[in-house]
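Protein chains: 2
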Amino acid sequence: MKVGYLGPEGSFSYGVAAANFRQKDLQAFHTIFDCLEAVESGQLTKAVVPIENSYEGTVHDTLDFLYHQGSLYVEKEMVMPIHHCLAVHPEMAAQSTHLTGIYSHPQALSQTKRYLHEHHKKIPQTVVESTAKSAQYVALHGQKEAVAAICSEQAAELFGLSIIAREIEDSPDNQTRFWVVSKKKNLTSQKDLKKMSVCLTLTSDHPGTLHQSLAAFSWRNINLSKIESRPLKTQLGFYFFLLDIVIDCPISLIELAFEEIHLLNGRIKELGAYPIKIIK
Amino acid sequence: MKVGYLGPEGSFSYGVAAANFRQKDLQAFHTIFDCLEAVESGQLTKAVVPIENSYEGTVHDTLDFLYHQGSLYVEKEMVMPIHHCLAVHPEMAAQSTHLTGIYSHPQALSQTKRYLHEHHKKIPQTVVESTAKSAQYVALHGQKEAVAAICSEQAAELFGLSIIAREIEDSPDNQTRFWVVSKKKNLTSQKDLKKMSVCLTLTSDHPGTLHQSLAAFSWRNINLSKIESRPLKTQLGFYFFLLDIVIDCPISLIELAFEEIHLLNGRIKELGAYPIKIIK
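The listed protein sequences derive, respectively, from chains A and B.
For reference, each letter of the first sequence is one residue, going 1 to 280 in this note's numbering.
For reference, each letter of the second sequence is one residue, going 1001 to 1280 in this note's numbering.
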């Protein structure tokens, strides 16, 4: 078995992947796109990718791939608390008040926006592919330049950096949902399936089309824990919707709602039904 | 009058601002946050900010500020076609097949993802605050390093760069909606108001709460051109919704729907009603 994740070692995706699979089966990828494409092509058995952060919202690269390119299914969701730290090269620890650059993944920069605005307002920010990559960069170049990484404490330790500020995320309840995806659909008879995610595309555009589709869930007392629109990438004003459906009723009832939506000219793309694991 | 925009000169926001206001009234800002905060504090009269791109979706910095921090109103929407080009320093034009780095704004990198994946897959990407800033960077550093900017042709010309590829955006219908915001609310009697945007927060969480709120619009035949959820930034699973309402009925009817939603324990924050101008 081969399991891909958004690398390098020390990334948050790595943390989730390592908690679920054997170290020797793991393989790091540079981008979410490349990682998911490797599952699609059969090069990987599974992939561990982020889908949503409590502060920054949906990870568009993941959702857009699953809707537009993929024929993949979610087999498990894992929710992990996210703590960021600011780390420098150990030889720069004394000059950490005079930083010349801050490196990180865009979502980490965004999740620490208020902290950076208050403490490092004028420092140029550079985006790299992952938080662990920023730690790696600082380990390699941080001896000469006073650059800092925003990454997990695990990554800072892995690359031998000095942590100059801990838990710098703006929201104390910062969490990220990760999905394990594969080409295999979970059997709907499994008792521990907690949620189902689907993409809904509406093919007509009269007032209340979305409302009508939601009615198919609402009158059956089926609860949606999330509804989000994303552009169809054709032109302004055309969207698909991600729906997260709570499974607290027979799945066949949910499937009847899909059937009804289909008859109303809505299109449902199933991303899968899955259990949820909370990582402490 | 002072009008802020996401600078520097040559940015797409600049293009929109310059088409609507006098050159001498314009002032460039480094970030959307700083620009909107300057209107909030009274330092600026208005600001021109992007709100949505047809390919990449909502500009979260703008929406999150208007929902969480702002007491600002949208007074006008402008829709502009977006074309990106790849530009290098004129002395590097001959070596443009051996780029060492590509600089741009995250949305521009995202809007040209497929092009970059096909033509410049392994080239490191660096994010800067705006597309024009990337052109400026290449003008300053592109003589020694083979770096390229993704920016408007206008910006490439402004900074004296050589364009090596035109219209590299993945979607041929790439458009961006810009909002002019100020502290003043448009009068609802204006005849040319085309759309109204509001943020809806649901205070209860039983199945169908959103469906119930949408019913207030649906049974009145009020059309929503967009509905999008964004995290409340508290914890996973809590959202507010951006609703774009088409004004093709008396505004008082829309206000009755708001009143009904309010009685159902929903909270509406009005972002304003506004005319729409399409820029060719």
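Quick reminder that beta carbons are idealized off the backbone N, C-alpha and C, glycines included.
Since the structure is predicted, the reported quantities are computational estimates derived from the model, not experimental observations.
With a cut-off of 8 Å, does the C-beta of residue i fall near any C-beta of chain B?
i, result
"A:G57", "yes"
"A:E157", "no"
"A:D173", "yes"
"A:Q190", "no"
"A:S134", "no"
"A:Q235", "yes"
"A:L187", "no"
"A:L214", "yes"
"A:V180", "no"
"A:S130", "no"
"A:V283", "Because chain A spans 1 through 280 in this model, residue 283 of chain A falls outside it and cannot be assessed."
"A:P231", "yes"
"A:H60", "yes"
Per DSSP, what kind of secondary structure is residue i in: helix, strand or coil?
i, result
"B:F1159", "coil"
"A:S134", "helix"
"A:D192", "coil"
"A:S274", "The sequence given here places Tyr at residue 274 of chain A; Ser does not occur at that position. Three-state result, A:Y274: strand."
"A:E40", "helix"
"A:L99", "coil"
"B:G1015", "helix"
"A:L224", "strand"
"A:A146", "coil"
"A:S152", "coil"
"A:F21", "coil"
"B:I1268", "strand"
"A:L109", "helix"
"A:I279", "coil"
"B:I1164", "strand"
"A:T201", "strand"
"B:T1126", "strand"
"B:S1171", "coil"
"B:T1176", "strand"
"A:L210", "helix"
"B:L1140", "helix"
"A:L26", "strand"
"B:L1006", "strand"
Got a sec? Which residues, its chain only, sit under 6 Å from residue i by beta carbon, not counting five neighbours each side?
i, result
"B:V1127", "P1106"
"A:K233", "none"
"B:I1123", "L1099 and I1102"
"A:P50", "V59, T176 and F178"
"B:G1004", "Q1027, F1029, C1035, A1038, L1044 and A1047"
"B:S1162", "V1088, P1090 and A1093"
"B:K1269", "C1199"
"A:N223", "V246"
Among residues of its own chain, excluding the 5 on either side of residue i, which ones have a beta-carbon nearer than 7 Å to its beta-carbon?
i, result
"A:F33", "D61 and F65"
"A:K2", "D25, Q27, L44 and T45"
"A:R220", "L253 and A257"
Can you list, in chain order, the residues of its chain with a C-beta nearer than 8 Å to that of residue i? Leave out the 5 residues immediately preceding and following it.
i, result
"A:P275", "K76, E77, Q190, D192, L193 and K194"
"B:K1184", "Y1073 and E1075"
"B:E1167", "H1083, H1084 and C1085"
"B:E1129", "L1006, H1030, T1031 and H1105"
"A:A17", "V3, Y5, L26 and V48"
"A:S204", "N265"
Does the beta-carbon of residue i have 16 or more other beta-carbons within 10 angstroms, so that it is buried, or is it exposed?
i, result
"B:P1090", "exposed"
"A:L140", "exposed"
"B:M1092", "buried"
"B:D1248", "exposed"
"B:K1133", "buried"
"B:Q1136", "buried"
"B:R1230", "buried"
"B:H1068", "exposed"
Does any C-beta atom of chain A lie closer than 8 Å to the C-beta of residue i?
i, result
"B:T1126", "yes"
"B:H1211", "yes"
"B:G1208", "yes"
"B:E1228", "yes"
"B:R1177", "yes"
"B:P1106", "yes"
"B:H1141", "no"
"B:L1099", "no"
"B:S1225", "yes"
"B:H1119", "no"
"B:T1054", "Reading off the sequence, residue 1054 of chain B comes out as Ser, not Thr. So, interface residue."
"B:S1218", "yes"
"B:V1079", "yes"
Within 8 Å of any Cβ in chain C, is that where the Cβ of residue i sits?
i, result
"B:A1047", "Any reference to chain C falls outside this structure, whose protein chains are A and B."
- Item | 4-residue-minimum alpha helix (DSSP H) runs that sit fully inside the stretch 50 to 96 of chain A, ordered along the chain | 60 to 64
- Query: Counting only runs that start and end within the stretch 1221 to 1265 of chain B, where is the beta strand (DSSP E) found for 3 or more residues in a row?
  - Reply: 1224 to 1231 and 1239 to 1246
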